[in-house]
Amino acid sequence: MSGRVEGQVAFITGAARGQGRSHAVRLAEEGADVIAFDFCGDAPTTSYTMATKADLDETADLVRGLGRMCVSVVGDVRVQSDLDAAVQRGLVELGRIDIAVANAGIVSWNEVHQISEDQWDDMIATNLTGAWKTIKAVTPTMIAQGSGSIVVISSGAGLSGPNNLAHYASAKHGLVGLTKVSSNELSPQGIRVNSVHPTQVDTPMIMHEGMFRLFRPELDAPGRDDIVVVSKRLHTIPIPWVDSRDVSNAVLFLASDEARYITGVQLPVDAGGIVKSVY
């Protein structure tokens, strides 16, 4: 039996670890070759450790271990030439691009009046402008092919208003507009564009000391177990967070022919968090 994206090629940003790695592995399990793109460097406005080249190499090894091809590229989604070069390399080595997952992103936090200009600028440049540049990089190839599926990884914060995340929510709300307009413009040419909106995901971007302190400021040294009760309150399904694979399953669905007539939608993977009225 062939996989749900058998013989296709997926371009994935932020692929070195976390959600991006999960998307790469899940699509490879279903038959896709992968172009794995990641910055693999420090982000001064964040307070957690970023992915490394070794992480990106591990993602590539996992994809190849599934019998698929993987082209791994270090680059910055804020730099159009980096993305364009990665696309061209992928085309040379793999021949086409059928799926693009605009996944790369960072998080930081502060009250709206205390967010620094550097925090704001870095957030918008990475999480919003980086997704636009990713779409810009893959679209000419998809137009020439007459087909493609672009999946933008937004957030529950792109459909709500969480405290301490004005810059993050602004970027993620912006992705909704980007998705809708891109869908309007590109779907007549065979390219579907949708966004996925996860709640908290069990990845290094969430599971670190700074986030633990944000959730439990009254504790001297909060850890992962200390945020479980608070995190559960965010959802109608009583779980504290979802796994990366839960998000990847949504990505796979939107990339596959099962979603061939679905475009311009915002798909939450959020355990009911967006519709919950009381926290």
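Positions 30 to 308 (my numbering) are the ones given, in order, by the sequence shown. For glycine and all other residues, C-beta sits at the position ideal for the given N, C-alpha and C. Note that the structure is a prediction, hence the values are computed from the model and not measured.
query: Could you tell me the boundaries of the beta strand (DSSP E) in which P297 lies?; result: 295 to 298
query: Is the beta carbon of T158 within less than 7 Å of some heavy atom of the ligand GTP?; result: Looking at this structure, you won't find the ligand GTP or any other ligand, since it has none at all.
query: Have a look at L95 and F68 and give me their C-alpha separation to the nearest angstrom.; result: 24 Å
query: Would you mind giving the Cβ-Cβ distance between Q48 and S273, rounded to the nearest angstrom? I have them listed as a contact below 8 Å.; result: 5 Å
query: Can you list, in chain order, the residues of its chain whose CB lies under 8 Å from that of R118, leaving out five sequence neighbours each side?; result: I64, V100, V102
query: Quick check on the DSSP output: the alpha helix (DSSP H) that includes R118 runs from which residue to which?; result: 109 to 123
query: By how many angstroms is the C-alpha of V230 removed from the C-alpha of S183?; result: 12 Å
query: Hey, out of Q218, T292, M152, D150, whose CA is closest to A173's CA?; result: Q218
query: According to DSSP, is R274 helix, strand or coil?; result: helix
query: Give the DSSP-derived three-state secondary structure of L281 in the structure shown.; result: helix
query: Would you call Q148 buried or exposed, if buried means 16 or more other Cβ atoms sit within 10 Å of its Cβ?; result: buried
query: From the DSSP output, in three-state form, read off S76 for me.; result: coil
query: In this structure, how does DSSP classify P191 when only helix, strand and coil are distinguished?; result: coil
query: Measuring alpha carbon to alpha carbon, tell me which residue in V205, D299, D151, R93 is nearest T265.; result: D299
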